[in-house]
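What follows is a short report on a single structure.
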Amino acid sequence: MLGPAFLAVAAAASLVLGEATWQPNQVNTRICQWQQLRASVLRDTVYLDGGSLWWQPGFADGSAGRPVNDNNRAGFIYTLNFSTPFNTTQNISTILGNLATGGGDTNNRAPNFEDGALLGNNEEFFLYGGLTQRTAAVVDPPGDSVLCYEKYQYGPVRTFSPNFVDKPLGAGVTRYVAHGGAASAPSENLAWYFSGMRSANFGPIYTKGSANKSNGALYTSDTLITLDMAHQQQEKFSNRTLPKEIPGRANPELVWVPVGQRGILVALGGVVYPDFVNYTGNSANETASQLQSPEFMSTIDIYDVAGDKWYRQTTTGGPGQLTRGCAVVARAQDGSSFNIYYYGGYDGINQDQSFSDDVWVLSLPSFTWVKLASSGVEGRAGHKCVMPYPDQMLVIGGYPSFQGAVPGCLRETIRVFSLSTGKWLDRYDPAVFDNYTVPSAVVEKIGGSGTGGATATTPKPSWGATQLAGIFGAQYPVTKITTYYPYASVGPTNNTNPNVPQPRVESQGGGLPSYLPPVLGVVLGLVFLTMVAVLILLWRRRRLLRGGTVSEVGTEDTNGNRIASWLRGQPTEAKSPTLASSSDYSPVSSTDVDSSIAAPPPTRSIAEMMNTE
């Protein structure tokens, strides 16, 4: 006789397994392109949120279907652990985990955001800014609060569990901003959001799609938003207006560099009058953009964190007008140079022309540009870059230029670049890494060697302000910077075109516990073996009794047939389950986080995350 516990498991399993809605003959799916996602690294994992994510279905005959956008209705944040090896040509979706925020169509607190940023340190991050889709089904999220994911505890010891927490922004700060530049400095427990675009009335902003300009992010923001995370659960946002000499722009890159007492912010790239903010896809003033935007790469804006002051510095060389690229910084082993790597992007006014596939290096403190690599494989924009190791950069997501009615797919969802050699790699292996060495092409410009000793230590013709020389002359206490590498490899991964992608799921939010699927498999296996044994005993006993009746065994056999019928009614492995339309998670306030701990969700595959209807 089956107990109540097993019946509850069976009922829950039917909810998970009984919702398969893939296209006929579809056997897999891959990420086609991922526009304007947000990223944050917490220790050994990069979290990937929001953006416009397009999936490409694969069919049994080897063909690929038209890309579809599921709008991330479940509000998933995807995860990639740095312990996971992979080849860049493989189906990356199989190595991504997911974390349910409880957003999407069922919750207005965490809908899918395009653009914006994840601002954080090594223990938590905030979902700040970005654009939402305007829909009558969901009330707009408030402009004065955001979600925070508290993964690890820091500060005073207290009752703690990883969770999403709804937190206020404070006076004078709004989340209604997008297309800015973001940077985080975990060693300082600080993060920033620089400039970007807003609406005319500083109110809600939506993804483009209509001629209604009142809710479009069409106006340049002249602010620097600062997030102070010195005290967990007592974080503070602040808003400072940029000086008149520091121009705002759309989608610059903001990089924190460890020089001076508390580091500096370096803003590079970005454009004015971008084409991507208008529903027509055209720049509102292409001539003005071409006149002003190139300056954002030739004259760099610098913010001294300790002194709370902005400076400007001219550079030599440079890539010209670019936006929607990505940037990381690598420190020479002796601290004599700091090299900012800028990859990809486009001019912000010609989205139908080829995007950049170049890697440029801005070497500080000489402020010299060096073109390091240009593979010509495929350019992209709207991607993110992270550094799992000092000598490696991962380029994640993005999209190719718009050429045709059907969205183009990237050949490699994730690319791997060696910061030391200036070469693209075909795989990532957590067991293979080294200290950072300055590339030879950069050494030729700044002197010294791969390990440091740069001889070009001042910009040409001179410093933009004498104070900058003092800032760069003060060494940052690098002992404050915590590292979490090397990462123990989880072993070789074969994820080439799998039949049913099965990503790992980080257990947060509502739903079934993560241990339930394997337990369910064991229980169902035992039930099957029990059924076989019962049937054999029935057959033998009937032969012995030659027609006698045994009511007890007959009752058990009836129950067994019911279970077998339930099992036969579930989808086969070739089918991929789709996602439930609701979420069990509801955000909690920071004051209730200790007493309101949500149950973990069930393990779900990429197929379950999609809803192609």
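Residues -18 to -1, 1 to 595 in mature numbering (1 follows the signal peptide of the UniProt record, and there is no 0) are what the sequence shown lists, from first letter to last. Beta carbons: idealized from backbone N, C-alpha and C, even for Gly. Everything numeric in this text was worked out from a predicted model, so none of it was measured.
query	result
Start and end of the beta strand (DSSP E) containing Val147?	145 to 150
Under three-state DSSP, which class holds Leu517?	helix
Check whether the stretch 334 to 344 and the stretch 357 to 371 touch, using three or more Cβ-Cβ pairs below 8 Å as the test.	yes
Once you ignore the five residues that flank Tyr110 on each side, which residues in its own chain have a CB closer than 7 Å to its CB?	Gly98, Ala99, Leu101, Val128, Arg157, Tyr175
Comparing alpha-carbon positions, which option in Ala423, Gln385, Gly326 lies nearest Gln367?	Checking the sequence, you will find Cys at residue 367 rather than Gln. Checked all of Ala423, Gln385, Gly326; the closest Cα to Cys367 is Gly326.
I'd like to know whether the C-beta of Ile77 is nearer than 7 Å to at least one C-beta of chain C.	Among the chains of the structure shown, chain C does not appear; only one protein chain is present.
Taking the C-alpha atoms as reference points, what is the distance between Asp275 and Thr223?	Looking at the sequence provided, one finds Ser at residue 275 rather than Asp. When rounded, the distance between both Cα atoms is 21 Å.
To the nearest angstrom, report how far apart Arg116 and Thr189 are at their CA atoms.	7 Å
Taking the alpha helix (DSSP H) that Phe454 falls in, what are its first and last residues?	448 to 455
Identify the continuous alpha helix (DSSP H) that holds Thr269 and give its terminal residues.	268 to 274
Taking 7 Å as the threshold (C-beta atoms), are Met279 and Pro256 in contact?	no
Under 8 Å by Cβ, that's how I've got Glu235 and Gly251 pegged, so tell me the actual separation to the nearest angstrom.	5 Å
With burial defined as no fewer than 16 other Cβ atoms inside 10 Å of the residue's Cβ, what is the status of Leu78: buried or exposed?	buried
Kindly confirm or deny that the stretch 59 to 69 and the stretch 44 to 51 touch, where touching means at least three C-beta pairs closer than 8 Å.	no
Opposite Thr281 in the DSSP bridges: which residues?	Thr296
For Leu24, which of helix, strand or coil comes out of DSSP?	strand
Just to confirm before moving on: does the CB-CB distance between Val311 and Val425 stay below 7 Å?	no
Near Asp126, which residues of its chain fall below 7 Å by C-beta distance, leaving aside the five closest residues on each side in sequence?	Pro150, Leu151, Thr156
Drop a sphere of 10 angstroms on the beta-carbon of Ala92, count the other beta-carbons inside from all chains shown, and report buried for 16 or more, exposed for fewer.	buried
Looking at Leu78 and the ligand GTP, is the gap between the Cβ and the nearest heavy atom below 6 Å?	What this structure holds is no ligand at all, so the ligand GTP is not there to describe.
Evaluate the contact criterion for the stretch 425 to 436 versus the stretch 223 to 233: three or more CB pairs, one atom per stretch, below 8 Å.	no
Do three or more CB pairs link the stretch 377 to 391 to the stretch 434 to 452 at distances below 8 Å?	no
For Val472, is the classification buried or exposed, using 16 other Cβ atoms within 10 angstroms of its Cβ as the cut-off for buried?	exposed
Let me know the secondary structure DSSP gives Val259 once reduced to three states.	helix
Is DSSP giving Pro168 helix, strand or coil here?	helix
Return the CA-CA distance between Val254 and Gly137, expressed in angstroms with no decimal places.	41 Å
For Ala99, name the three-state secondary structure that DSSP assigns.	strand
Along the chain, where does the alpha helix (DSSP H) containing residue 640 start, and where does it finish?	The structure shown has nothing for residue 640, since the chain only spans -18 to 595.
If we count the other Cβ atoms within 10 Å of its Cβ and call it buried at 16 or more, is Arg140 buried or exposed?	exposed
Assuming the contact rule is C-beta atoms closer than 8 Å, Gln243 and Ala199 should be a hit. Round their C-beta distance to whole Å, please.	Not quite, the Cβ-Cβ distance comes to about 35 Å (not below 8 Å), so this is no contact.
From Phe108 to Thr83, what distance separates their C-alpha atoms?	12 Å
Can you find the residues in the same chain that come closer than 8 Å, C-beta to C-beta, to residue 649, ignoring five residues on each side of it along the sequence?	Since the first residue shown for the chain is -18 and the last is 595, residue 649 is missing from the structure and cannot be characterised.
Roughly how far, in whole angstroms, is the beta-carbon of Glu96 from the beta-carbon of Gly57, given that I think they are within contact range, below 8 Å?	So it is not a contact: roughly 13 Å between Cβ atoms.
Taking a contact to mean a Cβ-Cβ separation below 7 Å, would you say Val237 touches Ala160 in this structure?	no
Taking the straight line between their C-alpha atoms, what separation do you get for Tyr293 and Trp445?	10 Å
Please work out which residues of its chain come closer than 6 Å, Cβ to Cβ, to Glu170, disregarding the five sequence neighbours upstream and downstream, and give them in chain order.	Arg244
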